[in-house]
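Some notes on the structure that comes next.
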Amino acid sequence: MSMNQINRNFAWSNEYSDDSFVGIFHEENLWDDDEYFKLENYLYEQCEVYKDNDFIPRNVFWPAMRIHSYLSLSIGCHFDSNDGFKLEGLSQEQVYQRRERLQLVFEGFFKGEMPNKKYLGY
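Read in order, the letters of the sequence shown are residues 61 to 182 in my numbering.
The following block contains the structure:
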């Protein structure tokens, strides 16, 4: 199994890294695809780990929920010209594509049924 990408991207974890997807997103206003896919792939792995459980343990669920909440709110701020947050280096269409993928992946993780990657955009 790979490094715990949830904790690596969860700012309140001792394992948090400024070089993680969330770290780069927050500090540099950049969407780093390589780091994003590390997080996404880890969510797919974890969904498989918990597939036979009726619940995800709180120490996994809470950080994943917080990451999803932070990213979703921040992307919303990107679309608000009165807000100080703006993702750099992406067209509006690219931001929309990434927002949709992020939503589908996290929703799949929380539901326990990950989306088929071949149907995800970008």
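In this text, a Cβ means the ideal position worked out from N, Cα and C, and glycines have one as well.
Where does residue i fall in DSSP's three states?
i	result
Glu-148	strand
Leu-162	helix
Leu-131	helix
Leu-180	coil
When the Cα of residue i is compared with those of the options, which residue comes out closest?
i	options	result
Phe-170	Asn-69, Val-155, Asn-67 and Met-125	Met-125
Ile-135	Asp-79, Asn-67, His-86 and Ile-116	His-86
Asn-119	Ser-129, His-128, Leu-180 and Asn-67	Asn-67
Check whether the Cβ atoms of residue i and residue j lie closer than 8 Å to each other.
i	j	result
Leu-162	Leu-133	no
Asn-89	Leu-147	yes
Phe-166	Pro-123	no
Assuming residue i is part of the alpha helix (DSSP H), what are its boundary residues?
i	result
Ile-116	Ile-116 -> no alpha helix (DSSP H), and no H or E assigned at all.
Checklist entry - Are three or more beta carbon pairs between the region 134-151 and the region 105-116 nearer than 8 Å? => result Contact fails: fewer than three Cβ-Cβ distances are below 8 Å.
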